[in-house]
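Notes for the one structure printed next.
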Amino acid sequence: MHFEKVAIVGVGLIGGSFSLALKEKKLCGRVVGTGRSAANMKAALARGAIDAIEADAVAAVRDADLVLIAAPVAQFEKIFLAIGPHLGTECLVMDAGSTKRDVVSAAKKGLGGKISQFVPAHPIAGAEKSGAAAASADLFRGRRLVLTPLKENREKDVKTIADLWTAIGARVSRMTPEEHDGVFAAVSHLPHLLAYALVDDISARPDAPRLFCYAAGGFRDFTRIASSHPEMWRDICMANSDRLLAELRLFEKKLKTIGAMLEKGDAAALEKLFGDARLARERWLKGEYE
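Following this line, the structure appears as structure tokens:
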């Protein structure tokens with residue numbers, strides 16, 4: 016398995032790490048990249064994540080064997096519309112978006128008859144830092160990669176993409192786009208929303224400096240993901256707003272239940288909730304839910 020020319024649209028943490036991993040495993044020849052930030056693109060070039068900078072996505076995908084779109088999801092439709100006419104008939108396209116229903120819709124609009132060449136993907140390997148400077152060839156090692164294949168895809172193309180991610184260390188699984196957006200609304204999008212909300216709430220209080228002064232490990236650990244890229248997470252939350260709202264309403268019910276325990280002074284119920292949560296987390300950390 017070898018791709019002579021790989022094009023990456025959006026050479027940030029994910030795009031840059033993907034390129035570095037391909038190069039480390041000698042799975043590609045030349046990698047070209049494009050992105051909105053000149054400084055970030057220069058950093059990607061300096062790090063060796065890409066071999067050349069292209070002016071735009073159209074220039075990047077010409078003669079490419081493989082294209083990865085790793086831009087914020089709100090940009091996808093524009094990107095698909097631009098690159099569609101310039102994709103070779105054997106070129107495979109995949110994305111790294113954290114939502115899938117909107118991405119698939121954008122691809123169908125933008126790629127038209129070439130939709131069969133697009134295999135939707137989501138590497139579950141983000142971090143709170145963004146940009147090419149944060150990229151690492153090891154980012155995907157041992158991490159999950161979710162494919163949401165389309166009925167238009169050829170199975171051999173899906174297998175090629177799956178084998179590629181496996182080769183750079185990812186653990187590949189499959190879902191439908193609908194299943195994907197429901198799952199990640201609960202375990203990814205909601206936690207980010209809560210982390211951002213807590214930090215914003217504390218920072219808006221009159222005594223914010225004093226509160227932050229005494230915040231320690233618990234606050235740091237809980238809010239770590241509030242350092243993530245705001246534009247990216249704005250787009251994710253808006254794209255998956257229906258599923259995220261459903262999860263938020265469920266969580267509001269849980270908070271009301273906990274509030275009632277506190278009001279009643281029901282220490283036993285509160286301790287049971289804490290104990291159950293602790294046990295569930297420990298089981299997850301041990302890999303019992305794999």
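When the count follows the numbering used here, it moves up by one through the sequence shown with no breaks and lands on 305 for the last residue.
Beta carbons: idealized from backbone N, C-alpha and C, even for Gly.
For residue 44, the enclosing beta strand (DSSP E) begins and ends at 43-49.
In this structure, the alpha-carbon of residue 297 lies about 36 angstroms from that of residue 89. CA-CA distance, residue 242 to residue 249, rounds to 13 angstroms.
The Cβ neighbour count for residue 236, taken over all protein chains shown within 10 Å, is under 16; the residue is labelled exposed. As the crow flies, the alpha-carbon of residue 192 is around 25 angstroms from that of residue 72. In the structure shown, the three-state DSSP call for residue 23 is strand.
Looking at the backbone, the Cα of residue 267 and that of residue 302 are separated by about 28 angstroms. Between residue 37 and residue 43, the CB-CB gap stays under 8 angstroms.
Per DSSP, residue 108 is one residue of the beta strand (DSSP E) stretching across 107-110. Closest in C-alpha terms to residue 98, from the list 152, 75, 257, comes 75. DSSP lists 138, 187 as the beta-bridge partner residues of residue 160. For residue 121, the closest alpha carbon among the candidates 132, 94, 23 is that of 94. Linking residue 39 to residue 159 through their CA atoms gives a straight-line distance of about 19 angstroms. The three-state reading of DSSP puts residue 226 in helix, counting H, G and I together. Less than 8 angstroms separates the beta-carbon of residue 259 from that of residue 205. One alpha carbon belongs to residue 133, the other to residue 222, and they sit about 51 angstroms apart. Under the DSSP assignment, residue 154 falls outside any alpha helix (DSSP H); it carries neither an H nor an E label.
Residue burial annotation: residue 203 is buried, with at least 16 other C-beta atoms found within 10 angstroms of its C-beta.
Of the candidates 20, 48, 41, 240, 48 places its Cα closest to the Cα of residue 27.
Taking all protein chains shown into account, residue 195 has 16 or more neighbouring C-beta atoms within 10 Å of its C-beta and is therefore buried. By the 16-neighbour rule on beta-carbons within 10 angstroms, residue 145 is buried. Leaving aside the five residues that flank residue 61 on each side, none in its chain has a CB nearer than 7 angstroms to its CB.
Taking all protein chains shown into account, residue 170 has fewer than 16 neighbouring C-beta atoms within 10 Å of its C-beta and is therefore exposed. Less than 8 angstroms divides the Cβ of residue 18 from the Cβ of residue 81. If you draw a straight line from the Cα of residue 30 to the Cα of residue 83, it comes to about 7 angstroms. Rounded to whole angstroms, the Cβ separation of residue 173 and residue 180 is 11 angstroms, and the two are not in contact under 8 angstroms. Secondary structure note for residue 76: its alpha helix (DSSP H) is the uninterrupted segment 72-76.
Non-local beta-carbon contacts of residue 276 in its own chain, meaning distances under 6 angstroms to residues more than five positions away in sequence, involve 284, 285 in chain order. One Cα belongs to residue 198, the other to residue 264, and the distance between them is close to 15 angstroms.
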